[in-house]
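Residue numbers (UniProt numbering): 1 to 90.
Each residue gets a CB set at the ideal place from its N, CA and C atoms; glycine is no exception.
Below is one structure; the comments refer to it alone.
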């Protein structure tokens, strides 16, 4: 399970980095936006169909227990130049 969880964290940071066109190193720590242990506990519970939604680096992040990550601007009307990003852990 740890490998799947690590992959989801990487997908989150890569998707946000791509959307903002900023290096991952320039993003704030993910732990400032969400409890990483809590996210791990929720994502590790394979018997559930779970989704977690949170804000990170000015974006809305949706994470599904199957490894889907979807990122969109929180200000879609005010930020038309930012698209949306959908990724899945393979």
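Residue i (DSSP reduced to helix, strand or coil)
i	result
residue 16	helix
residue 60	strand
residue 31	helix
Distance, residue j Cα to residue i Cα
i	j	result
residue 30	residue 12	9 Å
residue 28	residue 57	7 Å
residue 37	residue 22	26 Å
residue 63	residue 20	18 Å
residue 39	residue 26	22 Å
Sub-8 Å separation of residue i and residue j beta-carbons
i	j	result
residue 17	residue 24	yes
residue 50	residue 61	no
residue 74	residue 59	yes
residue 15	residue 69	yes
The beta strand (DSSP E) enclosing residue i, as first and last residue numbers
i	result
residue 52	51–56
residue 99	In the structure displayed, the chain extends from 1 to 90; residue 99 sits before or after that span and is not available.
residue 73	68–73
Where the alpha helix (DSSP H) containing residue i begins and where it ends
i	result
residue 40	36–44
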